[in-house]
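Residue numbers (the working numbering): 1020 to 1168.
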């Protein structure tokens, strides 16, 4: 793999990790909004699940950022993206006392979030199958083929 490709994989890992680090930190420090979504989806133990999801996102995001166990992490995050997309972003939302146009707008945005999750799953599958690149913990540990520099 060329040095340019390794730099681009590093850039991709940085970009792919940002959302999960940011979202995970938010869930761990203030779980209330996400716990409300979890409760609204009918899942039990909303606050506990929010903390678990936040911890998962934070740890997985950091793992992708530093390039640690990326072949496993990519598959886990891809599954997480598909699951959360289906459970939280695919169902129709109906906010009582909202005008129909506002509910339509909310549902359009929610569907965009579903598409974002599915698209991210594809990116994480690609990361899982191609590895973390030369500039990663995996490469330092010999778990990633590294091109001659």
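No residue lacks a Cβ here, since even glycine has one placed at the ideal position from N, Cα and C.
Spatial neighbours of residue i in its chain, beta-carbon cut-off 6 Å, leaving aside the 5 residues before and after
i: residue 1028; result: 1152
i: residue 1156; result: 1085, 1086 and 1087
i: residue 1167; result: Confidence at residue 1167 is low in this model, with a pLDDT of 40, below 50, so the placement of that residue should be treated as unreliable; the coordinate-derived value is given next. Answer for residue 1167: no residue qualifies.
i: residue 1039; result: 1076, 1079 and 1080
i: residue 1144; result: 1097
CB contact flag (residue i, residue j, <8 Å)
i: residue 1108; j: residue 1133; result: yes
i: residue 1106; j: residue 1060; result: yes
i: residue 1036; j: residue 1078; result: no
i: residue 1142; j: residue 1101; result: no
Closest by C-alpha distance to residue i, when choosing among the options
i: residue 1073; options: 1096, 1091 and 1059; result: 1096
i: residue 1111; options: 1099, 1093, 1094 and 1131; result: 1131
i: residue 1069; options: 1120, 1022, 1043 and 1128; result: 1043
i: residue 1098; options: 1021, 1055, 1034 and 1136; result: 1136
i: residue 1024; options: 1150, 1161 and 1160; result: 1150
Neighbourhood of residue i by C-beta distance below 7 Å, restricted to the same chain and skipping five residues each side
i: residue 1165; result: A caution first: residue 1165 carries a pLDDT of 48, below 50, which makes its placement in the model too unreliable to give a value.
i: residue 1103; result: 1136
For residue j and residue i, the rounded distance between their alpha carbons
i: residue 1116; j: residue 1071; result: 33 Å
i: residue 1093; j: residue 1026; result: 18 Å
i: residue 1047; j: residue 1123; result: 31 Å
i: residue 1031; j: residue 1126; result: 29 Å
i: residue 1160; j: residue 1118; result: 56 Å
i: residue 1169; j: residue 1033; result: The chain is shown from 1020 up to 1168; residue 1169 falls before or after that span and cannot be answered.
Whole-Å CB distance - residue i paired with residue j, under 8 Å assumed
i: residue 1067; j: residue 1058; result: That belief does not hold up - the Cβ atoms of residue 1067 and residue 1058 are roughly 11 Å apart, past 8 Å.
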